[in-house]
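Peer 1: Protein chains in written order, with our numbering: chain H, 2 to 120; chain B, 6 to 267; chain Y, 0 to 235.
No residue lacks a Cβ here, since even glycine has one placed at the ideal position from N, Cα and C.
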Amino acid sequence: MLMIAGVIVAVILFGIGLLGMIFRRDLIIKLLSLGLVNGSVMLCLVSLGSRADGIAPIIRGPGNADYVNPLPQALVLSAIVINFAILALALVFVMLLVEHYHSTDSQRIEHEIKREREL
Amino acid sequence: MIVLLVLLSLLPVLAAFALSRRRRFTVIVGMGLFSLILSAVYLLLHAPDVAVTEVAINAALITFIYIIAIRKTGKLVVVSDEIPGLLYREGQQISGLEKEILSGFARQLGLELVIRFLPVEQVPTALQQGEADIGAGGIISEIDDNTVLKTQGYLPTALYHLSKQTKPHPKQEQSTVTGFFSDLREEFQAGKISACTLDLARFVALSRSDLSPYTVRRLDGLFSYVFLVAPAQEQLHHQFVSYLSELEESGELDKLTRRYFS
Amino acid sequence: MRHRRIGLSIYAIILVCCFCGLVIALFSYQEPTGQLGAIYLSRAPSETGAANIVTAIYLNYRLYDTLFEILIFSVAVLGVRFYLSDYREKEIVEKIPESQIVRTSADLFFPPIFLIGIYLTLSGHLSPGGGFSGGVVAGTALLLCAVALGANTVGKRFYEPTLRWLEWGVLLVVLSLPLLPIVVGRLPFTGLLPPGTMGKVISGGSIPIYNLLIGIKVFIGTWVIIHYFMRHRGEV
Numbered sequence: 002m003l004m005i006a007g008v009i010v011a012v013i014l015f016g017i018g019l020l021g022m023i024f025r026r027d028l029i030i031k032l033l034s035l036g037l038v039n040g041s042v043m044l045c046l047v048s049l050g051s052r053a054d055g056i057a058p059i060i061r062g063p064g065n066a067d068y069v070n071p072l073p074q075a076l077v078l079s080a081i082v083i084n085f086a087i088l089a090l091a092l093v094f095v096m097l098l099v100e101h102y103h104s105t106d107s108q109r110i111e112h113e114i115k116r117e118r119e120l
Numbered sequence: 006m007i008v009l010l011v012l013l014s015l016l017p018v019l020a021a022f023a024l025s026r027r028r029r030f031t032v033i034v035g036m037g038l039f040s041l042i043l044s045a046v047y048l049l050l051h052a053p054d055v056a057v058t059e060v061a062i063n064a065a066l067i068t069f070i071y072i073i074a075i076r077k078t079g080k081l082v083v084v085s086d087e088i089p090g091l092l093y094r095e096g097q098q099i100s101g102l103e104k105e106i107l108s109g110f111a112r113q114l115g116l117e118l119v120i121r122f123l124p125v126e127q128v129p130t131a132l133q134q135g136e137a138d139i140g141a142g143g144i145i146s147e148i149d150d151n152t153v154l155k156t157q158g159y160l161p162t163a164l165y166h167l168s169k170q171t172k173p174h175p176k177q178e179q180s181t182v183t184g185f186f187s188d189l190r191e192e193f194q195a196g197k198i199s200a201c202t203l204d205l206a207r208f209v210a211l212s213r214s215d216l217s218p219y220t221v222r223r224l225d226g227l228f229s230y231v232f233l234v235a236p237a238q239e240q241l242h243h244q245f246v247s248y249l250s251e252l253e254e255s256g257e258l259d260k261l262t263r264r265y266f267s
Numbered sequence: 000m001r002h003r004r005i006g007l008s009i010y011a012i013i014l015v016c017c018f019c020g021l022v023i024a025l026f027s028y029q030e031p032t033g034q035l036g037a038i039y040l041s042r043a044p045s046e047t048g049a050a051n052i053v054t055a056i057y058l059n060y061r062l063y064d065t066l067f068e069i070l071i072f073s074v075a076v077l078g079v080r081f082y083l084s085d086y087r088e089k090e091i092v093e094k095i096p097e098s099q100i101v102r103t104s105a106d107l108f109f110p111p112i113f114l115i116g117i118y119l120t121l122s123g124h125l126s127p128g129g130g131f132s133g134g135v136v137a138g139t140a141l142l143l144c145a146v147a148l149g150a151n152t153v154g155k156r157f158y159e160p161t162l163r164w165l166e167w168g169v170l171l172v173v174l175s176l177p178l179l180p181i182v183v184g185r186l187p188f189t190g191l192l193p194p195g196t197m198g199k200v201i202s203g204g205s206i207p208i209y210n211l212l213i214g215i216k217v218f219i220g221t222w223v224i225i226h227y228f229m230r231h232r233g234e235v
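Okay, structure coming up:
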């Protein structure tokens with residue numbers, strides 16, 4: 002039940018992020034949408050590994066308690082850091098584009114590039 | 006459990022709301038809030054490690070880096086006379102049709118808009134000397150000044166010639182406007198001006214005062230308002246021209262015009 | 000223009016369908032009880048000595064993944080440094096008048112936030128946290144200082160060449176540490192230190208060492224990114 006709810010929300014978030022990435026023209030907002038897609042995938046993985054009656058995978062004493070699956074969490078942890086690294090680099094590229102074309106509008110930048118090619 | 010479901014259902018609403026905003030700052034802060042709620046969801050899904058990392062990286066650091074990155078890096082300096090309807094002070098704020106156009110253009114370039122008020126005859130000089138980037142304030146397309154760059158006309162207008170009935174001075178027949186418009190208006194009200202050529206916006210602003218001693222004649226020909234761009238800024242000129250034509254095509258310009266000149 | 004939008008929306012719908020299909024596939028392939036996770040849960044406490052199983056997985060069983068993750072982070076920091084040093088510096092750095100509230104709160108909050116960062120780094124094997132989040136939290140404390148005092152003022156307190164050597168030195172140590180067991184005649188990527196008793200501060204084999212090194216690395220990397228962004232985009 003919990004798992005299903007988390008996965009459904011993740012799919013909806015994936016769709017929203019994808020639409021934002023395609024239809025918003027501002028490059029910064031495109032990057033934010035990319036972050037949203039990333040977050041939705043992470044939410045999907047974490048909620049696939051979780052259980053309603055589970056407890057966090059930190060061992061407190063001997064014996065088998067109902068720990069949730071720790072493997073997806075370890076994977077997601079790496080994904081968050083890599084997301085940050087990619088984002089910082091992408092933001093630098095956007096800043097360089099803005100420096101050259103004075104705009105964060107993707108279509109305007111495409112027009113400018115086309116015009117430069119023609120010259 | 007119920008808290009978790011409420012937070013989960015809040016996530017898509019917040020994401021859709023944030024990503025559909027127009028201002029980038031609102032989008033960024035909205036997505037920061039989204040990350041905060043997402044980390045609460047991770048905590049309730051028994052993933053404290055992920056929650057801590059998410060709140061440290063996504064909610065705090067990434068939001069901040071975005072806010073630094075969208076900071077405006079330069080200024081777009083505009084020199085202009087103060088013309089009612091086109092560009093005028095309203096209390097602490099500046100508003101008007103040209104202000105709307107220029108602030109949209111500045112937002113697109115990621116520049117901060119700075120408006121300085123100058124008498125109309127000093128505007129081309131300021132542009133030539135590189136003190137300003139764009140000249141505005143009801144400049145007529147007929148301006149015979151080849152030292153600055155002109156954009157296309159964005160709004161049709163008309164020229165009116167005013168002269169006193171009693172003494173027609175042939176010398177002052179062609180006298181154009183000089184000085185601040187607010188000074189000119191005071192002089193008009195004091196009756197010191199005998200003849201003058203005015204454009205539509207200035208004429209409309211003046212017609213509120215008593216114009217009975219003058220004969221008004223509309224000059225023949227098609228005129229429109231233009232912007233001036235500093236001669237050194239050819240790329241800026243090109244961008245401004247394409248911005249204006251885009252504005253015209255999308256119908257945004259009509260909307261703005263109707264707001265100020267209904 | 001219109002055709003392009005329609006095409007893009009069809010593309011978006013197809014991608015969402017693919018994602019749904021992937022999720023369904025994940026559901027069907029998942030073991031009913033999450034057996035791999037159960038194996039980690041039953042074996043990790045005795046094998047690694049770490050109470051936090053997530054840390055045990057990504058710093059012991061899947062250390063190989065984590066090393067490349069650190070490498071990606073380093074390359075990103077390198078990229079930010081490389082591309083932003085060509086970028087023109089902001090000519091007029093307008094000093095926004097420093098607000099007393101910001102300065103006082105920076106003085107007040109810098110020590111506790113920095114301490115929380117160090118705590119998260121060093122107790123990664125016992126409680127939630129670890130090198131990545133601890134390093135970022137410590138970097139955020141420095142960010143608070145940079146907002147209050149100005150990035151360049153804070154930057155002067157670090158000697159830049161030392162920082163660079165420390166950054167790359169730590170990376171070298173992190174990357175060569177897994178190969179150290181070869182020296183004593185064991186396989187690489189196996190534990191070098193004894194696991195110790197679970198729950199004690201000194202336990203978990205070499206996990207605390209990795210956490211500390213990763214924390215330093217991420218802290219420096221975060222500071223470099225913040226510093227370069229603030230230097231070229233102006234103070235906030």
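(1) Around the Cβ of I181/Y, are there at least 16 other Cβ atoms within 10 angstroms (buried) or fewer (exposed)?
(2) Quick check on P207/Y - is its C-beta less than 8 Å from some C-beta in chain B?
(3) Going by beta-carbon coordinates alone, are P58/H and I38/Y separated by less than 8 Å?
(4) Drop a sphere of 10 angstroms on the beta-carbon of V8/B, count the other beta-carbons inside from all chains shown, and report buried for 16 or more, exposed for fewer.
(5) Tell me the rounded alpha-carbon separation between K169/B and A200/B.
(6) Beta-carbon separation of K155/B and L211/B under 8 Å?
(7) Touching or not, the region 106-119 of chain B and the region 220-227 of chain B, by the rule of three or more beta carbon pairs under 8 Å?
(8) If we count the other Cβ atoms within 10 Å of its Cβ and call it buried at 16 or more, is M1/H buried or exposed?
(9) CA-CA distance, V172/Y and K216/Y?
(10) A64/B and G37/B: beta carbons closer than 8 Å?
(11) Can you check whether the CB of V32/B is closer than 8 Å to the CB of V84/B?
(12) Quick check: is the beta carbon of A45/B nearer than 8 Å to any beta carbon in chain H?
(13) When you compare each of I72/B, E253/B, I99/B and A45/B to F59/B by their alpha carbons, which one comes out closest?
(14) Name the residue from R42/Y, E166/Y, V74/Y and F188/Y whose alpha carbon lies nearest to the alpha carbon of M197/Y.
(15) Using the rule of at least 16 other Cβ atoms within 10 Å of the residue's Cβ for burial, across every protein chain shown, is E105/B buried or exposed?
(16) If you draw a straight line from the C-alpha of L179/Y to the C-alpha of S104/H, how long is it?
(17) Run down chain B in chain order and give the residues with a C-beta less than 7 Å from the C-beta of S132/Y.
(18) Quick check on P161/B: does DSSP put it in helix, strand or coil?
(19) At the level of alpha carbons, what is the spacing between I144/B and L203/B?
(20) Please report the distance separating the alpha-carbon of I110/H from that of D188/B.
(21) Quick check: L174/Y and L66/Y, are their CB atoms within less than 8 Å of each other?
(22) On the DSSP letters alone, give me the boundaries of the beta strand (DSSP E) that R185/Y sits inside.
(23) Of the residues that make up the region 171-197 of chain Y, which ones have a beta carbon closer than 8 Å to any beta carbon in chain H?
(24) Per DSSP, what kind of secondary structure is Y158/Y in: helix, strand or coil?
(25) Check the Cβ-Cβ distances between L72/H and every residue of chain Y, and say whether any is below 8 Å.
(26) For the alpha helix (DSSP H) containing S202/Y, list its first residue and its last residue.
(27) Could you name the residues of the same chain whose beta carbon sits closer than 6 Å to that of E93/Y, not counting the 5 residues immediately before and after it, in chain order?
(28) Output yes or no for whether 8 Å exceeds the beta carbon distance between V10/H and L13/B.
(29) Does the count of Cβ pairs from the region 200-218 of chain Y and the region 121-141 of chain Y closer than 8 Å reach three?
(30) With distances taken between CB atoms, is the gap from Y230/B to Y159/B smaller than 8 Å?
(31) Quick one: list the residues of chain B neighbouring L142/Y, beta-carbon separation under 9 Å, in chain order.
(32) Which residues in the same chain have their Cβ closer than 7 Å to the Cβ of E178/B, if we skip the five residues on either side of it in sequence?
(33) Under a Cβ-count criterion, where at least 16 other Cβ atoms within 10 Å of its own Cβ denotes burial, should G184/B be classed as buried or exposed?
(34) When the distance is taken between beta carbons, is G203/Y closer than 8 Å to F72/Y?
(35) For I91/Y and V18/B, I'd like the C-alpha separation in whole angstroms.
(36) Could you tell me the boundaries of the beta strand (DSSP E) in which T220/B lies?
Peer 2: The short version:
(1) Exposed, by the Cβ-count rule.
(2) Taking 8 Å as the threshold, the shortest C-beta distance from P207/Y to chain B does not fall below it.
(3) Judged by beta-carbon spacing, I38/Y lies beyond the 8 Å limit of P58/H, meaning their Cβ atoms are not closer than that value.
(4) It counts as exposed.
(5) The straight-line gap from Cα to Cα measures roughly 6 Å.
(6) In this structure, K155/B keeps its C-beta atom at 8 Å or more from the C-beta atom of L211/B.
(7) Taking a cut-off of 8 Å for Cβ pairs, the region 106-119 of chain B and the region 220-227 of chain B do not touch, as fewer than three such pairs fall below it.
(8) Residue 1/H is absent from the model: chain H starts at 2 and stops at 120.
(9) For V172/Y and K216/Y, the distance between alpha carbons rounds to 11 Å.
(10) Yes. Within cutoff.
(11) Using a Cβ distance threshold of 8 Å, V84/B and V32/B do not count as a contacting pair.
(12) Residue contact with chain H for A45/B: absent (no Cβ-Cβ distance below 8 Å to any residue of chain H).
(13) A small fix is needed here, since residue 59/B is Glu in this sequence, not Phe. Sorting I72/B, E253/B, I99/B and A45/B by C-alpha distance to the C-alpha of E59/B places A45/B at the top.
(14) Relative to the Cα of M197/Y, the nearest Cα in the group R42/Y, E166/Y, V74/Y and F188/Y belongs to R42/Y.
(15) Under the 10 Å beta carbon count, E105/B is surrounded by 16 or more other beta carbons and is classified as buried.
(16) L179/Y and S104/H have their alpha carbons spaced roughly 51 Å apart.
(17) Neighbours of S132/Y on chain B, chain order: V57, T58 and A61.
(18) Here P161/B sits in strand by DSSP.
(19) Using only the alpha carbons, I get a separation of about 11 Å.
(20) Taken atom to atom, the span from the alpha-carbon of I110/H to that of D188/B is near 44 Å.
(21) A contact, by the Cβ cut-off of 8 Å.
(22) DSSP places R185/Y outside any beta strand (DSSP E), giving it a letter other than H or E.
(23) Result list: M197.
(24) The answer is coil: DSSP assigns Y158/Y none of H, G, I, E or B.
(25) Chain Y, which has a Cβ nearer than 8 Å to the Cβ of L72/H, makes this yes.
(26) The continuous stretches of alpha helix (DSSP H) do not include S202/Y, and DSSP gives it neither H nor E.
(27) Per-residue confidence for E93/Y stands at a pLDDT of 48, beneath the threshold of 50, marking its modelled position as unreliable; no derived number is given.
(28) Yes, they are a contact pair.
(29) Because the criterion of three Cβ pairs below 8 Å is met, the region 200-218 of chain Y and the region 121-141 of chain Y touch.
(30) Yes, these two residues count as a Cβ contact at 8 Å.
(31) Near L142/Y (Cβ distances below 9 Å), the residues of chain B are A65, L66 and F69.
(32) For E178/B, the predicted model reports a pLDDT of 46, less than 50, meaning its position is unreliable; a value from the coordinates is still stated below. Cβ within range, chain order: A200.
(33) Under a 10 Å Cβ-count criterion, G184/B is classified as exposed, with fewer than 16 other Cβ atoms of the shown protein chains found around its own Cβ.
(34) Pairing F72/Y with G203/Y gives a Cβ-Cβ distance that is not under 8 Å.
(35) Confidence at I91/Y is low in this model, with a pLDDT of 45, below 50, so its placement is unreliable and the value that follows should be read with caution. Between I91/Y and V18/B, the C-alpha separation is close to 41 Å.
(36) Unbroken beta strand (DSSP E) run through T220/B: Y219 to R223.
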